[in-house]
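S.K.: Before anything else, here's the structure in question.
Residue numbers (UniProt numbering): 1 to 150.
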C-alpha cells in the first residue's frame, strides 16, 4: 500500500553500486592527495630549515624502538607546533570552501569582524605572511626561529 495516496511506492533506490564506487574513490584519493602533499612539502621545508630539530624531541619522548602514538602527542609540543606550522605555511587546500562572517559578531568575549568577500582563498583569509607566530607555537623547548618556518 503506497505511503502517499495516488502514488505508488518504488523499490528502486538512488543508491547504486556505481555511486558507492565513485564516492569511495573520491574519499580515498582526496585523503591520499592531502596527506601526500603535506608529507612532500613538510620534507622539503625541513630540508630547507635543518635547524628544526623535531627528531631530538621524538628521540627524547618516544625513543627509537617504537613509532609515535596518539597518546604521545601531549608530550610532543615542539613536534606538534612544527606540524601545525607546516600546514599553515603550505595551505594544502588554498581554495578551500570559503568561510566568512556576514556581520561583526561578539562570541564568548571575543570580537570577530566581518570579513570582506574578496578573501575567499584560505591563504588570503589567513593573511599568511602578515601574522606573527601562531598561538600553537609553544615557548617551551627549543625554538626553530621566531616562527618555525619564518
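Idealized CB from N, CA, C, for every residue including glycine.
Would you decide whether residue 81 is buried or exposed? Buried here means 16 or more other CB atoms lie within 10 Å of its CB.
M.R.: Here residue 81 corresponds to residue number 81 of the chain shown, with the count starting at 1. Buried: at least 16 other Cβ atoms inside 10 Å.
S.K.: Between which two residues does the beta strand (DSSP E) carrying residue 89 extend?
M.R.: Working through the chain shown from its first residue, we reach residue 89 at position 89. Run containing residue 89: none in the beta strand (DSSP E); it sits in the alpha helix (DSSP H), 77-90.
S.K.: Which residues bound the beta strand (DSSP E) around residue 111?
M.R.: If you number the chain shown from 1, residue 111 lands on position 111. Start and end: 110-112.
S.K.: Cutting at 6 Å between CB atoms, please list the residues of its own chain near residue 135, excluding the five before and the five after it.
M.R.: Numbered from its first residue, the chain shown carries residue 135 at position 135. The predicted position of residue 135 is uncertain, since its pLDDT is 47 and thus under 50; no value can be drawn from it.
S.K.: Would residue 75 and residue 61 be called neighbours here (beta carbons separated by less than 8 Å)?
M.R.: Counting from one through the chain shown, the residue named residue 75 turns up at place 75. Counting from one through the chain shown, the residue named residue 61 turns up at place 61. Yes; because the gap between Cβ atoms is below 8 Å, this pair is in contact.
S.K.: Please report how far the alpha carbon of residue 115 lies from the alpha carbon of residue 40, in whole angstroms.
M.R.: Taking the first residue of the chain shown as position 1, residue 115 is located at position 115. Taking the first residue of the chain shown as position 1, residue 40 is located at position 40. So the alpha carbons of these two residues sit roughly 32 Å apart.
S.K.: Per DSSP, residue 107 is paired with what?
M.R.: Locating residue 107 in the chain shown gives position 107, where the first residue counts as 1. In DSSP, residue 107 forms a bridge with 110.
S.K.: Less than 6 Å between C-beta atoms, sequence neighbours within five positions excluded: which residues of the same chain meet that for residue 100?
M.R.: Sequence index remark: in the chain shown, residue 100 carries index 100 (1-based). So the qualifying residues of the chain are 115.
S.K.: For residue 16, name the three-state secondary structure that DSSP assigns.
M.R.: Counting from one through the chain shown, the residue named residue 16 turns up at place 16. Coil, per DSSP.
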